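Chemist:
Residue numbers (our numbering): 54 to 239.
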């Protein structure tokens with residue numbers, strides 16, 4: 054059996070995720086359902102977990118769910134992480150650039166764009182839709198595999214711009230020194 058909470062599972066949140074999973078697992082067991090004792094972590098917490106027939110509970114971005122998973126898994130909830138200006142049941146992305154790069158979003162139309170993967174709602178699809186409203190499209194640049202890695206690529210100068218889901222951005226601002234080298238782009 055597999056359970057994963059990989060979307061926001063990092064060293065600083067692992068204890069809270071473990072406690073949350075322990076409560077969920079206990080609740081499942083009191084209802085006569087089997088549940089794994091521990092969360093699956095790392096790369097195995099994503100596509101491998103989402104497609105495993107023994108999956109009990111996991112998190113996924115909205116685009117992978119709509120594009121590939123909706124016929125194979127059941128949506129049970131959409132968490133509300135309390136992101137300011139983001140109603141329950143929705144998500145938000147934040148564009149980030151290096152702190153000293155003062156271009157406006159339309160001025161990034163030919164920029165090196167870092168994205169976590171082509172099936173990311175907040176890292177790829179939503180930024181493309183937003184750019185289209187301004188008359189351009191981001192070109193695939195650097196595929197990083199994770200929102201945090203996209204932010205790091207911008208901070209290190211390997212990319213000029215990335216779109217990061219708002220909760221991950223809040224975590225980066227709180228715990229990652231690279232945040233000092235980044236700014237939100239409106």
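In this text, a Cβ means the ideal position worked out from N, Cα and C, and glycines have one as well. Keep in mind it's a predicted model, so treat the numbers as computed, not measured.
1. What does residue 236 pair with, by DSSP beta-bridge criteria?
2. Rounded to a whole number of angstroms, what is the C-alpha to C-alpha distance between residue 192 and residue 163?
3. Considering Cα atoms alone, identify which of 156, 183, 219 and 55 is closest to residue 136.
4. Along the chain, which unbroken stretches of the alpha helix (DSSP H) at least 4 residues long are found entirely within the region 98 to 127?
5. Between which two residues does the alpha helix (DSSP H) harbouring residue 225 extend?
6. For residue 168, which of helix, strand or coil comes out of DSSP?
7. How many angstroms separate the CA atom of residue 109 from the CA atom of residue 132?
8. Confirm, please, whether the CB-CB distance from residue 194 to residue 167 is below 8 Å.
9. At what residues does the alpha helix (DSSP H) containing residue 138 begin and finish?
10. Please report the residue range of the beta strand (DSSP E) in which residue 194 lies.
11. Quickly, what does DSSP pair residue 214 with across the bridge? List them, please.
12. Hey, how far is the Cα of residue 89 from the Cα of residue 180?
13. Look at residue 56 and residue 93 and say whether their C-beta atoms are less than 8 Å apart.
14. Whole angstroms is fine: what's the gap from residue 86's alpha carbon to residue 78's?
15. For residue 169, I'd like the list of residues in its chain whose CB is within less than 8 Å of its CB, leaving aside the five on either flank, ordered along the chain.
Modeler: Quick answer:
1. What you label residue 236 is simply residue 183 of the chain shown in a count that begins at 1. BP columns for residue 236 point to 150.
2. Stepping through the chain shown from its first residue, residue 192 is reached at position 139. Stepping through the chain shown from its first residue, residue 163 is reached at position 110. Roughly 7 Å separates the two Cα atoms.
3. Here residue 136 refers to the residue found at position 83 when the chain shown is read from its first residue. When each option's Cα is compared against that of residue 136, the closest is 219.
4. As far as the region 98 to 127 is concerned, its whole alpha helix (DSSP H) runs of at least 4 residues are 100 to 103.
5. Counting from 1 along the chain shown, the entry for residue 225 is found at position 172. It spans 219 to 228 - the alpha helix (DSSP H) in which residue 225 sits, taken as one unbroken run.
6. Counted from its first residue, the chain shown places residue 168 at position 115. In the structure shown, residue 168 sits in a strand (DSSP, three-state: E or B).
7. The residue labelled residue 109 in the question sits at position 56 within the chain shown. The residue labelled residue 132 in the question sits at position 79 within the chain shown. Looking at the two C-alpha atoms, the distance is approximately 17 Å.
8. To locate residue 167, count along the chain shown from 1; it is residue 114. To locate residue 194, count along the chain shown from 1; it is residue 141. Cβ distance < 8 Å, so residue 167 and residue 194 count as in contact.
9. For the purposes of this step, residue 138 is identified with residue 85 of the chain shown, where counting begins at 1. Premise fails: residue 138 is in no alpha helix (DSSP H) and is neither H nor E.
10. Taking the chain shown and counting its residues from 1, one reaches residue 194 at position 141. Unbroken beta strand (DSSP E) run through residue 194: 193 to 196.
11. If you number the chain shown from 1, residue 214 lands on position 161. Beta-bridge pairing links residue 214 to 150 and 166.
12. Position 36 of the chain shown, counting from 1, holds the residue named residue 89. Position 127 of the chain shown, counting from 1, holds the residue named residue 180. Rounded to whole angstroms, residue 89 to residue 180 spans 36 Å at the Cα level.
13. As a position in the chain shown, residue 56 is number 3, starting the count at 1. As a position in the chain shown, residue 93 is number 40, starting the count at 1. Against a cut-off of 8 Å, the Cβ pair of residue 93 and residue 56 comes out as a contact.
14. To locate residue 86, count along the chain shown from 1; it is residue 33. To locate residue 78, count along the chain shown from 1; it is residue 25. Within the model, the alpha-carbon separation for residue 86 versus residue 78 is close to 9 Å.
15. Locating residue 169 in the chain shown gives position 116, counting from the first residue. Taken in chain order, the residues that qualify are 176, 177, 196, 197, 198, 199, 200, 202 and 203.
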